[in-house]
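Asker:
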Ligand SMILES: [Zn+2]
Ligand SMILES: [Zn+2]
């Protein structure tokens, strides 16, 4: 699995860490940046609302965190836990919306 899934438009600023959408190349259904804690943003970059709670949102997070987990200190491990919790909440919310 390689993220972002689509190549971001060059020179269009921020791109979604999961799908690669940008300001001028939004997802088909329309999307906006999801508000996340600064430490999440600093570690992983922005996430768009179309990707929030999808299996790719979760997979990206788990892959990134699994790689760095052994190197993290106390604060980093705490933040990793919070990021996983937030991702689980996004996934639960999305599945509820689809019922
Ligand atoms: Zn996205
Ligand atoms: Zn998007």
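Numbering (this note's numbering), first residue to last: 225 to 323.
C-beta atoms are modelled at their ideal positions from N, C-alpha and C, and glycine is treated no differently.
1) Does the beta carbon of residue 274 fall short of 7 angstroms from some heavy atom of ligand 1?
2) Using DSSP with H/G/I as helix, E/B as strand and the rest coil, what is residue 278?
3) Which whole-angstrom value is the C-beta distance of residue 264 and residue 307, which I expect to be below 8 angstroms?
4) Restricting to Cα atoms, I'd like to know which of 238, 243, 237, 236 is closest to residue 230.
5) Hey, how far is the Cα of residue 236 from the Cα of residue 255?
Answerer: According to the structure data:
1) Answer for residue 274: yes, Cβ within range of ligand 1.
2) Collapsing the DSSP output to three states places residue 278 in coil.
3) Contact between residue 264 and residue 307 holds, with the beta-carbon distance rounding to 6 angstroms and staying under 8 angstroms.
4) The shortest C-alpha separation from residue 230 is found at 243.
5) Just so you know, the alpha carbons of residue 236 and residue 255 end up roughly 16 angstroms apart.
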